[in-house]
Amino acid sequence: MNLLKLPLEIRTQIVQMPLDEYEYFSEKKLMEIVRLQYASKQLEASEKLKSQFYG
0 MNLLKLPLEI
10 RTQIVQMPLD
20 EYEYFSEKKL
30 MEIVRLQYAS
40 KQLEASEKLK
50 SQFYG
């Protein structure tokens, strides 16, 4: 997957996340975020996914 299509904030979080969290953020889930047109929507979707993981 091309992480460069994600906003810098999300790319940084992906690189720094623990392995169990990284495995939860599967490529399929990340691709759904990449498909969103606006960076604000991508950040919102990323936060929602993180809240589901930690929820």
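Numbering (numbering that gives the first Met the number 0), first residue to last: 0 to 54. Where is the CB? At the ideal position from N, CA and C, for every residue including glycine.
- Cβ contact annotation for LEU2 (same chain, cutoff 6 Å, sequence separation greater than five): ARG10, in chain order.
- For LYS28, the CB contacts under 7 Å within the same chain, skipping 5 residues up- and downstream, are LEU48 in chain order.
- Cβ-Cβ distances below 6 Å link LYS4 to VAL33 in the same chain, with the five nearest sequence neighbours on each side left out; the list follows chain order.
- MET16: not part of any alpha helix (DSSP H); DSSP gives it neither H nor E.
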